[in-house]
Every structure is written in structure tokens, then in C-alpha cells.
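Asker: Before we start, here is the structure in question, set down as C-alpha cells.
Numbering (the working numbering), first residue to last: 7 to 266.
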């Protein structure tokens, strides 16, 4: 089978300065497609209305969604994991005693403890917030795969210390993080795809920029950090390419002879 090349989405493929995928990255993906299995490995649910346009443009062969809590090949779901309800309730109660926001979006509604932090984050990014907030404890009645944290690194580290069962992976802007159970990760998702496609882990390449990419960058045959990546990720990577807005994807593919 073809080797796997996986890409994180935000600030690896999708540039948040203009919310577009650089043309050079798309051109590289199209060249890769003939000889490689194209995978998206992201904290997003790429089947949600907010991400389907990106999914449909990239046309990946497989997707590691929501930090490995859902893995799909085409239309087939090959793995799903949902948050332990007891742990979820403990995290929500803990967050009530902090200034931080924790929760997630399910379909049309946003379920967050301290939603004012989410509103502030939205306004900083887009100049407005049009979310429909609902009671966060309704999450205990829903299937939750992963959550988001809005806050600083100090709060993220404190949450990880309080709950050793979870990862709180900081985003590259260090203003928020993904919250996911340790039993699920992008790295575990990559291993599941290797089993599915019957290829060794050594035949994989992973691109990323944030700490939710740390595990997959470490386990992949080649782990490539973007030039705009967090310093901790750059140290873990086998190679550091140029930033997203300086043709980082294409330049790394040329460096390793993946494309011409």
C-alpha cells in the first residue's frame, strides 16, 4: 500500500491570517496523491458544517478527527471514542472554580463553562461572536469526543495535574487548547490507519504546528514541524520546514523528494 502523509489543518494547511490553504500546499497535495495516502489529522470534526469545505477541497483518503477520537476512511468510520461521563462531569465542576472556559460545540449549540471566555476569544479572532450557548451540563447527555479550553498555559497545566487522564494540548497561539482523554490521540489514530492499510509506521510522514501534534510528530516515520510551530514541537520533530505562509508544505515535500 501507499505510504501515508498526514497534515494537521489549522496553521499547517489552513492559514488563519486569511483563512485559506496556500496554493503551493494544494499543488503539493495533488502531486502527492498519486503515490501517497493523504490523511488529515486534526482537532476538528471534519464532518461538521464548519469544516466540510476544507475536507472537500483537500479530498483526503482518510481523516483522524477530533484528536483521534474518530477515524474515518472515506465514508467508513473505523474507530470512535467518547469522553467518560464521570470524568467529563468532574472536569466541568472543576472549571466552574476557575476563570477559564471549557466545553464544546455540538451541532448548533455551544456548551461551555464560563462562556464569556469563548465570546472574548471569538471577538479577538473575528470581531464578533454569534454562538448559541446552552447549559454545559447537557453534555452529560450527549456523546462528547473532545473539548476545547480557552485560557493560558498556567491553567492548562493545572488542569492536567488535576486530571492525569487527559491531555490539554495548547494551540500555537497559546490562548486555548484541545482537551482529550489520553487513550485517544492523533498518534493512536495514525496507528489505526497503519493497521487498516497494512503498512508499517515507518512509512508515514506527519506535518503539524501545535502541541496536539506532538505525539503524531514523535511516532511518525518522519515528523515535520511548520516554521510557525511551537518551539516544543520543533524540538520533537525530525525536520522543521518554513512557515505556512512561506510554502512550508511544498518546501518540505521537495526537501524529502516526495514531489518534483
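Just so it is clear, CB atoms sit at the ideal spot from N, CA and C, and this is done for glycine as well.
Would you tell me roughly how many angstroms separate the C-alpha atoms of residue 62 and residue 56, rounded to the nearest one?
Answerer: Translated into positions along the chain shown, residue 62 becomes position 56. Translated into positions along the chain shown, residue 56 becomes position 50. Straight-line Cα distance between these residues: approximately 12 Å.
Asker: Which residue marks the beginning of the beta strand (DSSP E) containing residue 111, and which one marks its end?
Answerer: Mapped onto the chain shown, residue 111 falls at position 105. 107–112 is the extent of the beta strand (DSSP E) around residue 111.
Asker: Across the stretch 18–31 and the stretch 70–79, are there enough close Cβ pairs to call them in contact, namely three or more that are closer than 8 Å?
Answerer: No, because fewer than three Cβ pairs between the stretch 18–31 and the stretch 70–79 fall closer than 8 Å, the two stretches do not touch.
Asker: Can you find the residues in the same chain that come closer than 6 Å, C-beta to C-beta, to residue 203, ignoring five residues on each side of it along the sequence?
Answerer: Numbered from 1 along the chain shown, position 197 holds the residue referred to as residue 203. Excluding sequence neighbours, residue 203 sits near 7.
Asker: Pull up the CB-CB distance for residue 41 and residue 191, whole angstroms please, since I reckon it's below 8 Å.
Answerer: Start at 1 with the first residue of the chain shown, and residue 41 comes out as number 35. Start at 1 with the first residue of the chain shown, and residue 191 comes out as number 185. So it is not a contact: roughly 27 Å between Cβ atoms.
Asker: Compare the beta carbon distance of residue 232 and residue 247 with 8 Å and say whether it is the shorter of the two.
Answerer: The count along the chain shown starts at 1 and reaches residue 232 at position 226. The count along the chain shown starts at 1 and reaches residue 247 at position 241. Yes, these two residues count as a Cβ contact at 8 Å.
Asker: So, are the CB atoms of residue 48 and residue 10 less than 8 Å apart?
Answerer: Locating residue 48 in the chain shown gives position 42, where the first residue counts as 1. Locating residue 10 in the chain shown gives position 4, where the first residue counts as 1. Not a contact, by the Cβ cut-off of 8 Å.
Asker: With a threshold of 7 Å on Cβ separation, who are the neighbours of residue 184 within its own chain once the five nearest residues in sequence on each side are excluded?
Answerer: Here residue 184 refers to the residue found at position 178 of the chain shown. Correct list, in chain order: 49, 73, 152, 154, 175, 218.
Asker: Which same chain residues end up closer than 6 Å to residue 75 when comparing Cβ atoms and leaving out the 5 residues on each side of it in sequence?
Answerer: Counting from one through the chain shown, the residue named residue 75 turns up at place 69. Excluding sequence positions up to five before and after residue 75, its CB lies within less than 6 Å of the CB of 87, 151, 152, 190, all in the same chain and listed in chain order.
Asker: To the nearest angstrom, how far is it from the Cα of residue 162 to the Cα of residue 234?
Answerer: Residue 162 sits at position 156 when you count from the first residue of the chain shown. Residue 234 sits at position 228 when you count from the first residue of the chain shown. Cα to Cα, residue 162 sits roughly 21 Å from residue 234.
Asker: For the stretch 93–107 against the stretch 142–151, do three or more pairs of beta-carbon atoms, one drawn from each stretch, fall closer than 8 Å, so that the two count as touching?
Answerer: yes
Asker: Going by DSSP, what residues sit across from residue 177 in a beta bridge?
Answerer: On the chain shown, residue 177 is found 171 positions in, with the first residue counted as 1. According to DSSP, which records beta bridges pairwise, residue 177 is partnered with nothing at all.
Asker: For the candidate residues 66, 120, 250, whose alpha-carbon lies nearest to that of residue 24?
Answerer: As a first step, residue 24 is located in the chain shown; it is residue number 18 there, counting from the start. Closest by alpha carbon: 250.
Asker: Using the beta-carbon count (16 or more within 10 Å), is residue 110 buried or exposed?
Answerer: Translated into the one-based positions of the chain shown, residue 110 becomes position 104. It counts as buried.
Asker: In the DSSP assignment, find the unbroken beta strand (DSSP E) run with residue 12 in it and report its ends.
Answerer: As a working note, residue 12 is residue 6 in the chain shown. Here the beta strand (DSSP E) through residue 12 covers 10–13.
Asker: Nearest CA to the CA of residue 207: which residue from 140, 188, 227?
Answerer: Translated into positions along the chain shown, residue 207 becomes position 201. Ranking 140, 188, 227 by Cα distance to residue 207 puts 227 first.
Asker: Quick one: complete alpha helix (DSSP H) runs, 4+ long, within the stretch 218–263?
Answerer: 220–225, 237–242, 254–261
Asker: Hey, would you say residue 135 sits closer than 8 Å to residue 129, going by beta carbons?
Answerer: If you number the chain shown from 1, residue 135 lands on position 129. If you number the chain shown from 1, residue 129 lands on position 123. Yes, Cβ-Cβ distance for residue 135 and residue 129 is below 8 Å.
Asker: Output the residue ranges of the beta strand (DSSP E) runs that lie fully inside the stretch 74–136 and measure 3 residues or longer, sorted by chain position.
Answerer: Listed in chain order, the complete beta strand (DSSP E) runs (minimum 3 residues) inside the stretch 74–136 are 76–79, 82–86, 107–112, 115–119.
Asker: Count the other CB atoms, across all protein chains shown, that sit within 10 Å of the CB of residue 172; report buried if there are 16 or more and exposed otherwise.
Answerer: Residue 172 sits at position 166 when you count from the first residue of the chain shown. Classification of residue 172: buried, given that the 10 Å Cβ count is 16 or more.
Asker: What ranges does the alpha helix (DSSP H) occupy inside the stretch 139–164, keeping only unbroken runs of at least 4 residues that lie completely in it?
Answerer: Entirely contained in the stretch 139–164, not one alpha helix (DSSP H) run reaches 4 residues.
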